[in-house]
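Numbering (this note's numbering), first residue to last: -3 to 321.
All residues carry an ideal CB built from backbone N, CA and C; glycine is no exception.
Predicted model only: the values in this text are computed from it and were never measured.
Given below as structure tokens:
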């Protein structure tokens, strides 16, 4: 009998502790908001002054590599007095707090989930402006990564069932089933999606490891290779037309990491030789040392007369989902 009482008391204590723990857990609603839309919580007076200018200079700066100027993010300014309830659920939030010690703080899932909140504070307006300028790259990176993750989550609801990419190239890449196979060979895939005014496209192919040499002319090598594949595989609307790189627009080139592997990133403008077509592209050449090759994945968009920012973000999210065996 004594043992039974001890057991019951122990069970009651465990249940009580579990209930207490559950009650202390913070319930968070689902985050919401359009892709690439940042809520900026700041007083109207500050928004209309130098602090607002500093914020717009970072968040609304034109994206390099698009044919027309498009802002990095669309901004929704919210006065602190009305920042409550459903207004707090946006996926990305930048808050400005005055009369506090200068600080740059990053919060995850503060009002909703998933969510990134950046709080910039300072005793003076110049303190805040300085912190914004000093952390420009970090601010953009944090918010952009959140949007890439969200876009991948959205696309995962209807994954493609194409097995030949895995079979022929030994890699997994996640894109939605709305994309269709336009062309396939032993080492090349062209995948495309119809959009309102054109198409959104992916190219995937492999190269031997000695095809790209790491020197000062890397970007020229990559452009020459993409033009060669464009001529061979991406034909235009008239005989003799094919996709090339627009040589009047200097491509952006940098180094990054994809799937824990070094990669070259190249962004620029493509056009079609002998035809009036063009648009932005983003190209990643990923060094696969184990298999002694380069895996090249490129996204490009044809969408005349409409904004292309969100289409390019989707293609970047797809490319960065790659897993190479």
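Is the separation between the beta-carbon of residue i and that of residue j shorter than 8 Å?
i           : j           : result
residue 282 : residue 166 : no
residue 67  : residue 265 : no
residue 290 : residue 178 : no
residue 302 : residue 192 : yes
residue 32  : residue 79  : no
residue 217 : residue 227 : no
residue 295 : residue 211 : no
residue 107 : residue 84  : yes
residue 100 : residue 141 : no
residue 90  : residue 34  : yes
residue 279 : residue 262 : yes
Residue range of the alpha helix (DSSP H) that residue i falls in?
i           : result
residue 294 : First-last for residue 294: 289 to 298, but that is the beta strand (DSSP E), not the alpha helix (DSSP H).
residue 130 : 121 to 130
So residue i is in the beta strand (DSSP E); what residue range does that whole segment cover?
i           : result
residue 318 : Per DSSP, residue 318 belongs to no beta strand (DSSP E) and is neither H nor E.
residue 36  : 33 to 37
residue 118 : 112 to 118
DSSP has residue i in a bridge; who is on the other side?
i           : result
residue 239 : 268
residue 284 : 289
residue 103 : 113
residue 28  : 86
With a CB to CB cut of under 8 Å and the five nearest residues on each side skipped, what residues in its chain are close to residue i?
i           : result
residue 121 : 42, 45, 46, 47, 94
residue 18  : Bear in mind that a pLDDT of 43 at residue 18, under 50, signals an unreliable position, so the number given afterwards is only what the model happens to contain. Excluding positions up to five away in sequence, the list is empty.
residue 246 : 264
residue 288 : 204, 205
Please list, in chain order, all residues of the same chain as residue i whose beta carbon is under 7 Å from its beta carbon, the five residues on each side excluded.
i           : result
residue 195 : 188, 189, 298
residue 161 : 167, 169, 185, 200
residue 229 : 179, 184, 186
residue 300 : 193, 194
Can you list, in chain order, the residues of its chain whose CB lies under 6 Å from that of residue i, leaving out five sequence neighbours each side?
i           : result
residue 58  : 65
residue 144 : 313
residue 311 : 295
residue 12  : Caution is warranted here: a pLDDT of 48 is assigned to residue 12, below 50, making its placement in the model unreliable, and the coordinate value is therefore given only provisionally. Closer than 6 Å at the Cβ level, and outside the excluded window around residue 12, lies no residue.
Using a Cβ-Cβ cut-off of 8 Å, state whether residue i counts as contacting chain B.
i          : result
residue 77 : Any reference to chain B falls outside this structure, which holds one protein chain only.
Every unbroken alpha helix (DSSP H) inside the stretch 69 to 101 [4 residues or more]: Counting only unbroken stretches of 4 or more residues, no alpha helix (DSSP H) element lies wholly within the stretch 69 to 101.
Length-filtered (3 minimum) beta strand (DSSP E) runs lying within the stretch 144 to 232: Here the runs fully enclosed are 176 to 180, 184 to 191, 194 to 204.
Contained beta strand (DSSP E) runs [length at least 3] in the stretch 246 to 281, N- to C-terminal order: Runs of the beta strand (DSSP E) inside the stretch 246 to 281: 248 to 254, 257 to 269.
Every unbroken alpha helix (DSSP H) inside the stretch 40 to 65 [4 residues or more]: Secondary structure in the stretch 40 to 65: the alpha helix (DSSP H) runs of 4 residues or longer, each lying completely within the stretch, are 40 to 43, 46 to 55 in chain order.
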